[in-house]
Ligand code: SF4
Ligand code: SF4
Ligand code: SF4
């Protein structure tokens, strides 16, 4: 499950599900899961504005690193992974995720006999969810960083 920036599975244990972070997010991408705050990768893009961390009365965002007064480090516990649900797998051309990525982490690989294939560079991905929120196939999932991307 995806979490907002600055939240680890360890710090999440301090979440009381008060909802302050959910209410503070200008992109409305945070939800309350049974075990605490989660980021819905299909709802929109995290801009790393830091408002969620600033609103939390607990220490749930303890892993946060601020790069300036208004922004958190581009770092989350997940990255995105493109699944076989991608339209390209069905022979339908699409480059929506590539165009949406602010990190240019998705490239399109030419193929013989089929549309270009999207390739996601996990090392460049911040987990912002700009791609998954616009994917018309709902084909981009959040995976923990310790999962193999092969
Ligand atoms: S950093 Fe900003 S956009 Fe991202 S989840 Fe927190 S409040 Fe929302
Ligand atoms: S936006 Fe979705 S359907 Fe389109 S290329 Fe990317 S993963 Fe495939
Ligand atoms: S691939 Fe790009 S748009 Fe998608 S989550 Fe990673 S950085 Fe954001």
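In our numbering, the protein residues as written are 60 to 209.
Just so you know, even glycine gets a beta-carbon here, dropped at the ideal spot from N, CA and C.
Check: Reduced DSSP category for residue 67 - H, G, I as helix; E, B as strand; rest coil; Outcome: coil
Check: Boundaries (first-last residue) of the beta strand (DSSP E) holding residue 144; Outcome: First-last for residue 144: undefined, no H or E at that position.
Check: Exposure of residue 96, with buried meaning 16 or more beta-carbon neighbours within 10 Å; Outcome: buried
Check: Pairwise C-alpha distance: residue 126 and residue 207; Outcome: Confidence at residue 207 is low in this model, with a pLDDT of 45, below 50, so its placement is unreliable and the value that follows should be read with caution. Cα-Cα distance, rounded: 29 Å.
Check: Heavy atoms of ligand 3 versus C-beta positions, residues under 6 Å; Outcome: 139, 159, 160, 162, 164, 165, 179, 184, 185, 186, 187, 188, 189, 190
Check: Which of helix, strand or coil DSSP assigns to residue 127; Outcome: strand
Check: Contacts around residue 122, its chain only, beta-carbon distance under 7 Å, and the 5 residues preceding and following it disregarded; Outcome: 65, 66, 67, 70
Check: 6 Å CB neighbourhood of residue 169 in its chain, flanking five on each side removed; Outcome: 175
Check: Assigned secondary structure, residue 202 (DSSP; H/G/I helix, E/B strand, else coil); Outcome: strand
Check: Where residue 95 sits in the DSSP three-state scheme; Outcome: strand
Check: Sequence-distant residues of its chain with Cβ nearer than 8 Å to residue 35 (five each side left out); Outcome: Nothing about residue 35 can be reported from this structure: the residues present for the chain run from 60 to 209 only.
Check: Residues that residue 166 bridges to, as DSSP identifies them; Outcome: 178
Check: Residue 107 beta carbon near ligand 1 (any heavy atom closer than 7 Å); Outcome: yes
Check: Collapsed DSSP secondary structure at residue 186 in the structure displayed; Outcome: coil
Check: CB contact flag (residue 108, residue 130, <8 Å); Outcome: yes
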